[in-house]
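Below is one structure, written out as structure tokens, with a few remarks after it.
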Amino acid sequence: MQVSSNQFVEQASEALQQPHAVQTRDILGAFLPPVRDNAAAQFGDFQALRDHVEAVRKHALENLDHYLAQYEEQARDNGNAVHFARSGDELNNIVLDIVRRHDARQIAKGKSMITEETGLNAVLESAGLTVTETDLGEYIIQQAGEKPSHIVGPALHKSPDEIRELFLEKHNFGPRELEDAPAMVEEARRVLREHFLAADIGIIGANALIAENGYSMLVTNEGNGDLCANLPPVLIVCTSVDRILPRAQDAMAMLRLLVRSTTGQPVTCYTSFYSGPRRQDDPDGPVETHVILLDNGRSDILASDYSDMLQCIRCGACLNHCPVYISAGGHAYGSVYPGPMGSVLTPLLSSLEDANALPNACTSCGRCAEVCPANIPLPDLLRDLRHEEVTRGLSPGRWRFGLKTHAWLARHPGLYRWLTGLAVSLMHRLGRKRGGLAKLPMASGWTSQRDFPTPEAGTFMQQYRQMQDAADD
Amino acid sequence: MTPNLEADSPQSPRYRVALFATCLADLFRPSVAFASIQLLEEAGCEVIVPEAQTCCGQPAYNTGDYEATIPLARSVVAMLEPFEYVVIPSGSCAGMIGTHYPRLLEGQWRQRAQDLAAKTYELTAFLDEVAGLKRDEPSNSGETVTYHDSCAGLRELNIRQQPRDLLQRLCDITVSEMDQTEVCCGFGGTFCAKMPDISAKMADDKLANASQTGAAVLAGGDLGCLLNLAGRARREGADIEIRHIAEILAGETTPALGKPQD
Amino acid sequence: MTDARTDVIARVRHGSRGQSAETVATELARIARGPAAKMPSDDPCVAFLAAIVGNQGTIAVARNRTETVKAVADYLYQRYRSHKLVAGSDPRLAALPWRDAGLLPRFGGAENGEPAALSYAQLGIAETGSIITLTGKSNPAANNLLVEDHIVIVHTNDLVVTLDEAWDRINGMIADKRPRGINMISGPSSTADIAMQLVMGAHGPRRWHVVLAGEVPADALAQARQLNGLD
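Chains as they are written, first to last, in my numbering: chain A, 356 to 828; chain B, 9 to 270; chain C, 1017 to 1247.
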């Protein structure tokens, strides 16, 4: 997976200098959390649902060998060609292979984070194919040549004006107003309808794979996934091994959590289950269907201390509630997976070397864990990744040394008191008339954006000791 | 304000409490520690300040240096475990000892950490829920106050209602609630120095929400948050006074954080 | 070099507990059913209708077969001043007394952009305000997806309360033969991808109309609307 995550700090600073984008993100951060809270409250005992799904997922992941075998058997019996891909490149090549065998020219795609992860579109386009994203948000960023900024709403960083300009430029419909969102959606409907009808191949993802009957589940509000799954003659489902659930009812439990956490709805408009190719007396549907099961590091995660991360259902709630994500924006993360979940997943799917900035993009505020429907202990996983950075020498030496020294000093109270007493006394003398210090040696990280409130003349422990001594006399 | 070290207690104290002042209060805001002692004594406690205290180890821990933190955590456990109660004027430090030490330490230390966790309290939680501190005459400074819920205290220790109840009961102050009280202020320990631009935005948002209430004072229970906000407020010229809740409850008159001291 | 399948399976096995099928089944059976959503009414009809309205669908009620066809005709006529309608080749639809409404659907698959299509639901689900159709001649995909208005008839005999009960029934339906697709539809096509503004008719039908037929309590419609703050 290609990432530019180690430029997070610079990319975030840039993103903070665009007032309009900042305002858009602030609105997301203010609007989406109450929507989720409301949906959770309307459900009833939402915590019981979270705990139930967590139990199911843990069982499914601990026994993934069993369920993978079961799913594969059922899916093959249903008439699918089932493929395995160790890496993103392998998945891309499998798709390319199928595409070439069918001499395909046009591809209609439903939203698939897996194909974002593997960079499939670029590979297909290099091979001369026309790939059209049909999820409206994905279509918008595809036209704009941008990457997604959010795992659920990839174009939420764009204003209606920007989208209007984009459509006026890219669609040849002559002079027109496109005055509001309905008008733009109407235009997208017109444009994309043609692509659905003309596509040689449909590519979709899966929100869940059901082991007991080999069906894959796909949820959308737009219905674009269903159009991709029903109209073109060939269907490819790109998914990953961790999506497998034992039974249909487990998929239903997950559905209850997913939609409420994502959009605040009780359910998506279209929740579809596809088993395979056209049956003998079917009037429609693809004649050939493929399922590609991607690993790309997930089996490693499964065997590691970070296996809880595989419980993620890609709802995006952690993003919406993370003040760092809201401030910095999704693009700053330099990965298809931003926000808290992305800060855990990106180093695990690419490498900690390439993404060591991300686990540090965190104040440990804990809001993500509060709302994660899958009960993933994100702050703990992020801290454990920071621990790994320390033990692997990936964190900046200056910080590591400074904090180790501080921790050592703290175990030597006499020396600690003496040094801190000196520092505090100096700071007090420098700053007491003004109330604060604008510059401090070795603290430019703090003072670049803040003053430091002037301390008192002595530390508490010094003053308390003096009072005790005075009282004893 | 000096605590009354000389007078005899009229009757034997209800609680023997060790005060863990926190490194931030020790170094940068002693008035918080003194105010805590005053409040605890008002609540009928005998307060001991263990001499060897320095820091709970959060800075190294949160940055992932578990190995550097463990020896310090053990020494803190050994220092505090003889006491009946441990009270700390910080949600993050109380959370460190109360929820993270038992996870970080292993073997016999884990049990000792769990035992210590069971008797460690954040200041407002202790005053409100254990000591049930009341006053015959609420002190009323007439100040309008808004309150920032520090993340660790809120999410690890459920500190939310206690400071508000104490302000009401002891000072006749009803908190003017700001928007997004529960959103992080941008301190996050080393985060604020590693990612200063993001941290500044979060602090600005918090200060803007606070000022929108029209309150004169922004209060909170964690000095990390308050130093961050006071420092940013001073840099940006924001008007609001920033104080630790212990200072307000104890009627501290020390100039607010970031204001000139002479 | 081993092939991808062997590799992935081996790696997954390495990260799994390697338990026997019996043990896995026993463990799974021990996990009880999870909670369903709280419903705004104890009456499944009211809850069903209320959820549909909440999902931006429209509703009608019919207490006999004549009322059913009239409800469909009324909707069509109000919307289009015409009776042009395509319906899946579902015997239950063919058997309705269309003459009573002065309308006869064309049976088959919808053309692109055709105004309206009619489906007969296998199930209605009160918990979420959803209907279930199975792919096949009875439900050509075009009828669910390419039309402007999608009309669905649900019979109260086929109304279940929770998503779990729905799958209990579906499992029975698909035991002998698995349909290519099982579609659970809960509203008209919509999107909020442009600045979070909710717009209907993204790619699929702009409007969704559900006729609940059978033993429906007299005030179910009114209650459903009230629960959504209408009227």
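Even glycine gets a Cβ: it sits at the ideal position worked out from N, Cα and C.
Values in this document were obtained by computation on a predicted structure and should not be read as measured data.
Going by C-alpha to C-alpha distance, which of the options sits closest to residue i?
i: residue 1112 of chain C; options: C/1136, C/1199, C/1100, C/1131; result: C/1136
i: residue 152 of chain B; options: B/201, B/113, B/42, B/250; result: B/250
i: residue 809 of chain A; options: B/79, B/33, B/121, B/22; result: B/33
i: residue 408 of chain A; options: A/602, A/592, A/627; result: A/602
i: residue 773 of chain A; options: A/815, A/794, A/735; result: A/815
i: residue 1218 of chain C; options: A/416, A/576, A/422, A/500; result: A/576
i: residue 1048 of chain C; options: A/642, A/608, A/461, A/755; result: A/608
i: residue 711 of chain A; options: A/739, A/684, A/667; result: A/739
i: residue 1022 of chain C; options: A/796, A/800, A/427; result: A/427
i: residue 114 of chain B; options: B/243, B/22, B/81; result: B/81
i: residue 763 of chain A; options: B/55, B/49, B/62; result: B/62
i: residue 50 of chain B; options: B/134, B/38, B/87, B/75; result: B/134
i: residue 1122 of chain C; options: C/1176, C/1183, C/1159; result: C/1159
i: residue 1171 of chain C; options: C/1019, C/1065, C/1050; result: C/1065
i: residue 118 of chain B; options: B/95, B/102, B/86; result: B/86
i: residue 4 of chain B; options: B/126, B/174, B/154, B/166; result: Chain B is shown only over 9 to 270; residue 4 of chain B falls outside these bounds and no answer can be derived.
Below 7 angstroms on C-beta distance, what does residue i contact in chain B?
i: residue 807 of chain A; result: 239
i: residue 818 of chain A; result: 38
i: residue 682 of chain A; result: 206, 209, 210
From residue i to residue j, what does the alpha carbon distance come to, in whole angstroms?
i: residue 831 of chain A; j: residue 702 of chain A; result: The first residue shown for chain A is 356 and the last is 828, placing residue 831 of chain A beyond what the model contains.
i: residue 580 of chain A; j: residue 554 of chain A; result: 13 angstroms
i: residue 1149 of chain C; j: residue 1195 of chain C; result: 10 angstroms
i: residue 578 of chain A; j: residue 483 of chain A; result: 27 angstroms
i: residue 456 of chain A; j: residue 1119 of chain C; result: 47 angstroms
i: residue 358 of chain A; j: residue 443 of chain A; result: 13 angstroms
i: residue 824 of chain A; j: residue 58 of chain B; result: 15 angstroms
i: residue 67 of chain B; j: residue 454 of chain A; result: 54 angstroms
i: residue 1110 of chain C; j: residue 1157 of chain C; result: 18 angstroms
i: residue 14 of chain B; j: residue 828 of chain A; result: Because residue 14 of chain B sits at a pLDDT of 44, beneath the cut-off of 50, its placement in the model cannot be relied upon, and the point is left open.
i: residue 203 of chain B; j: residue 716 of chain A; result: 8 angstroms
i: residue 403 of chain A; j: residue 116 of chain B; result: 34 angstroms
i: residue 23 of chain B; j: residue 144 of chain B; result: 20 angstroms
Leaving out five residues on either side along the sequence, give the residues of the same chain with a beta carbon under 6 angstroms from the beta carbon of residue i.
i: residue 551 of chain A; result: 463, 582, 586
i: residue 411 of chain A; result: 605
i: residue 1116 of chain C; result: 1082, 1085
i: residue 1071 of chain C; result: 1145, 1202, 1203
Please list the partners that residue i has in chain B, where partner means a Cβ-to-Cβ separation under 8 angstroms.
i: residue 801 of chain A; result: 200, 201, 204, 239
Run down chain C in chain order and give the residues with a C-beta less than 9 angstroms from the C-beta of residue i.
i: residue 403 of chain A; result: 1050, 1051
To which residues of the same chain is residue i closer than 7 angstroms at the C-beta, ignoring the five residues directly before and after it?
i: residue 793 of chain A; result: 802, 806
i: residue 158 of chain B; result: 99, 100, 228, 229, 230, 233
i: residue 751 of chain A; result: none
Which residues of chain A have a Cβ atom closer than 7 angstroms to the Cβ of residue i, listed in chain order?
i: residue 1033 of chain C; result: 417, 418
i: residue 1044 of chain C; result: 414, 601
i: residue 35 of chain B; result: 775, 779, 810, 814
Please list, in chain order, the chain E residues whose beta carbon lies closer than 9 angstroms to that of residue i.
i: residue 515 of chain A; result: Of the chains in the structure shown, none is chain E; the protein chains are A, B and C.
Closer than 8 angstroms by C-beta to residue i: which residues in its own chain qualify, once you throw out the five before and the five after it? Chain order, please.
i: residue 89 of chain B; result: 120, 123, 124
List, in chain order, every chain A residue whose beta-carbon is nearer than 8 angstroms to that of residue i.
i: residue 1144 of chain C; result: 621, 622
i: residue 1037 of chain C; result: 421
For residue i, go through chain A and note every residue whose CB falls closer than 9 angstroms to its CB, in chain order.
i: residue 1183 of chain C; result: 602, 603, 604, 606, 607
i: residue 159 of chain B; result: 718, 719, 720, 721, 722
i: residue 1226 of chain C; result: None at all; the shortest Cβ gap to chain A is about 13 angstroms.
Give me the chain C residues within the contact set of residue i, using Cβ-Cβ distance strictly less than 7 angstroms, ordered along the chain.
i: residue 498 of chain A; result: Going along chain C, no residue has its Cβ under 7 angstroms from residue 498 of chain A, so there is no contact; the nearest lies around 13 angstroms.
Quick one: list the residues of chain B neighbouring residue i, beta-carbon separation under 9 angstroms, in chain order.
i: residue 461 of chain A; result: What residue 461 of chain A touches in chain B: nothing, since even the nearest Cβ is about 42 angstroms away.
i: residue 741 of chain A; result: 70, 71, 72, 73
Worksheet item: Got a sec: which bits of the region 185-204 of chain B sit with their beta carbon under 9 angstroms from any beta carbon on chain A, in order along the chain?
Response: 187, 188, 190, 191, 192, 193, 194, 195, 196, 197, 198, 199, 200, 201, 202, 203, 204
Worksheet item: What residues from the region 359-380 of chain A come within 7 angstroms of chain B, judged by C-beta to C-beta, listed N to C?
Response: 364, 367, 368, 371
Worksheet item: Taking Cβ-Cβ distances below 9 angstroms as the criterion, which residues of the region 595-608 of chain A are in contact with chain C?
Response: 596, 601, 602, 603, 604, 605, 606, 607, 608
Fill in: chain C contacts made by the region 577-593 of chain A, where a contact means CB separation under 8 angstroms
577, 578, 579, 581, 582, 584, 585, 586
Worksheet item: Listed from N- to C-terminal order along the chain, which residues in the region 73-98 of chain B have their beta-carbon within a distance smaller than 7 angstroms of any beta-carbon of chain A?
Response: 73, 74, 76, 77, 79, 80, 83
Discussion item. Closer than 8 angstroms between beta carbons: that is the criterion. Which residues of the region 208-235 of chain B meet it against chain A?
Written reply: 208, 209, 210, 211, 213, 235
Worksheet item: the region 46-64 of chain B: which residues have C-beta closer than 8 angstroms to a C-beta of chain A, in chain order?
Response: 57, 59, 60, 61, 62, 63
Worksheet item: Looking at chain B, which residues of the region 694-706 of chain A have a Cβ within less than 8 angstroms of any of its Cβ atoms?
Response: none
Item to complete: Could you please tell me which residues of the region 752-765 of chain A, in chain order, have their CB closer than 8 angstroms to any CB of chain B?
Response: 754, 755, 758, 759, 761, 762, 763, 764, 765
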